[in-house]
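Inspection log for the structure reproduced underneath, given as structure tokens.
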DNA sequence: AACATAAATGCGAATAATTCGCAATTGGGT
DNA sequence: ACCCAATTGCGAATTATTCGCATTTATGTT
């Protein structure tokens with residue numbers, strides 16, 4: 001989380017109470033989480049949650065994935081992804097060696113790997 | 125595309141005109157595309173486009189990624205992903221060896237890798 | 001080849017997700 | 001402690017996605 005806060009400040013933004021609360025909250029999650037849920041759990045205004053998440057995406061403090069019809073976020077800290085059960089939603093962590101240098105004609109690479117499967121509890 | 129059609133039929137669904145048109149349209153894209161765009165270009169009713177895309181996601185005929193605030197789809201044909209420029213949106217294809225067998229406690233794996241970067245044209 | 005019928009479409013209306021506008025507040029420098 | 005641009009919170013607006021239902025259409029059967 002420290003890294004995210006640093007980046008935020010280095011970008012010239014203010015480290016506000018809501019932003020800190022959201023980053024802190026995100027840092028405690030073990031699975032990607034939606035704006036609505038962050039709002040529900042932290043009480044921070046939904047529009048502000050969206051603004052912070054959008055900013056976090058831009059500054060790449062957080063990664064996003066499409067789950068159902070909402071976006072879910074997690075801190076882009078250590079190289080990792082999640083694998084999520086398509087039946088029950090249970091998530092586990094998957095380590096990964098991020099590619100960050102270059103790929104083809106592209107530089108400044110960022111990536112998000114969304115993995116789904118069926119977990120052992122759901123496998124009948 | 126043939127593979128997608130096969131899967132669709134094997135699932136017991138009808139191979140309808142709109143579904144075929146959408147799959148065909150998707151198969152011609154070189155970058156993931158939104159429901160709205162499919163509707164615009166094919167004239168198929170937006171609700172039907174959504175229904176077909178949702179079904180395609182469920183049957184895993186197509187992969188989805190979150191781009192901006194809409195979902196974008198591409199056929200889940202040969203193992204590949206896209207890398208997209210965060211400035212201009214330009215996409216290129218990235219080959220990949222899909223993991224499909226098992227990962228941790230999970231089976232029946234599906235994954236979607238969303239990669240962004242800055243393309244050479246945008247790199248000043 | 002026409003028939004029956006469950007599945008799918010198209011349309012309009014509803015809901016959910018996300019963003020906007022603006023007055024009030026606040027973090028970070030001086 | 002003061003200033004001021006950045007940010008918040010709220011409500012209203014948009015945009016994305018889904019629903020309900022009458023009509024149409026694939027597909028199996030005669």
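Protein chains in written order, with our numbering: chain A, 1 to 124; chain B, 125 to 248. Cβ coordinates follow ideal geometry from the N, Cα and C atoms, glycine included. Here the structure is a predicted model, which is why all the values come from computation and not from measurement.
- For residue 114/A, the uninterrupted beta strand (DSSP E) segment begins and ends at 106–118.
- Counting C-beta pairs with one atom in each stretch, the segment 71–83 of chain A and the segment 209–219 of chain B have fewer than three that are closer than 8 angstroms, which means they do not touch.
- A check of alpha carbon separations from residue 92/A across 18/A, 5/A, 23/A and 29/A identifies 29/A as the nearest.
- Beyond the five residues adjoining it in sequence on each side, residue 243/B comes within less than 6 angstroms, by CB distance, of 209 and 214 in the same chain, given in chain order.
- According to the DSSP assignment, residue 30/A belongs to no beta strand (DSSP E), since it is labelled neither H nor E.
- Here the segment 174–184 of chain B makes contact with the segment 142–159 of chain B; the two share three or more CB pairs at distances below 8 angstroms.
- For residue 44/A, there is no enclosing beta strand (DSSP E), since its DSSP letter is neither H nor E.
- In the DSSP assignment, residue 10/A falls within the unbroken alpha helix (DSSP H) covering 2–10.
- In the structure shown, the three-state DSSP call for residue 195/B is strand.
- If you draw a straight line from the Cα of residue 14/A to the Cα of residue 78/A, it is about 24 angstroms long.
- Distance check between residue 132/B and each of 200/B, 230/B, 247/B and 166/B places 200/B closest, using alpha-carbon atoms only.
- Per DSSP, residue 38/A has no beta-bridge partner at all.
- Of 123/A, 94/A and 122/A, the smallest CA-CA separation from residue 235/B is found for 94/A.
- Looking at the DSSP output, residue 219/B shares a beta bridge with 204/B.
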